[in-house]
Amino acid sequence: MKLVLAIAAGGALGAVARHQVSASVMRLAGSGFPWGTVVVNVLGSFLMGVLIELMAQRLNVGIELRAFLTVGFLGAFTTFSTFSLDFATLFERGAGVAALGYAALSVVLAIGALFAGLAVMRFLLS
Numbered sequence: 070m071k072l073v074l075a076i077a078a079g080g081a082l083g084a085v086a087r088h089q090v091s092a093s094v095m096r097l098a099g100s101g102f103p104w105g106t107v108v109v110n111v112l113g114s115f116l117m118g119v120l121i122e123l124m125a126q127r128l129n130v131g132i133e134l135r136a137f138l139t140v141g142f143l144g145a146f147t148t149f150s151t152f153s154l155d156f157a158t159l160f161e162r163g164a165g166v167a168a169l170g171y172a173a174l175s176v177v178l179a180i181g182a183l184f185a186g187l188a189v190m191r192f193l194l195s
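Using our numbering, read the sequence shown as starting at 70 and increasing by one per residue.
Next up, the structure:
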């Protein structure tokens with residue numbers, strides 16, 4: 070039961086953080102392209118890399134805290150379902166090239182950010 074509560078609490082905080090970050094980015098960048106979703110997915114992927122490496126090398130955390138951070142917080146913070154909806158919206162509006170660019174940009178940057186997070190923590194912890 071503690072594990073479920075940890076995930077739920079992390080999820081609640083991650084969802085609120087996603088909304089705040091996404092809204093802030095959209096205010097700065099405008100609403101013509103889903104930059105808010107790109108930013109939360111890239112940032113979330115980077116943070117996942119940082120946390121996974123940190124927990125693997127230095128932090129001996131319990132399963133509840135690990136689940137709170139990764140499954141709960143970052144699971145709710147990153148937005149694959151929103152990513153899919155943004156892609157479909159761009160595509161259905163006739164912006165097929167922008168939709169494909171959005172998908173490629175999101176996937177490449179998010180995976181790159183995860184590797185960057187791993188590398189940063191490996192460097193800092195070595």
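Just so it is clear, CB atoms sit at the ideal spot from N, CA and C, and this is done for glycine as well.
Hey, would you say Ile132 sits closer than 9 Å to Leu72, going by beta carbons?
yes
CA-CA distance, Val177 and Gly170?
Spanning the two alpha carbons is a distance of roughly 10 Å.
Boundaries of the alpha helix (DSSP H) in which Ala134 is found, first to last residue:
First, the amino acid is wrong: residue 134 is Leu here, not Ala. Unbroken alpha helix (DSSP H) run through Leu134: 132-136.
What residues in its chain sit with their C-beta under 6 Å from that of Ala145, if we drop five residues either side in the sequence?
Gly80, Gly83, Ala84
Quick one: what's got a C-beta closer than 6 Å to Val252's C-beta in the same chain, skipping five residues either side?
Lying before the first or after the last residue shown, residue 252 is absent from the chain, which here runs from 70 to 195.
Closest by CA to Leu116, which one among Ala77, Thr158, Phe142, Ala78?
Checking every option, the nearest Cα to that of Leu116 belongs to Phe142.
Using three-state DSSP, classify Ala100 as helix, strand or coil.
Note on residue identity: the sequence assigns Ser, not Ala, to residue 100. In this structure, Ser100 counts as coil in the three-state DSSP scheme.
In whole angstroms, what is the alpha-carbon distance linking Gln126 and Gly118?
12 Å
Does Gly118 come out as helix, strand or coil in the three-state DSSP assignment?
helix
Where does the unbroken alpha helix (DSSP H) through Ala143 begin, and where does it stop?
Inspection of the sequence shows that residue 143 is occupied by Leu rather than by Ala. Careful: Leu143 lies outside any alpha helix (DSSP H) and carries neither H nor E.
Buried or exposed: which applies to Glu122, given that a residue is buried once 16 or more other Cβ atoms fall within 10 Å of its Cβ?
Counting Cβ neighbours within 10 Å, Glu122 comes out buried, since at least 16 surround it.
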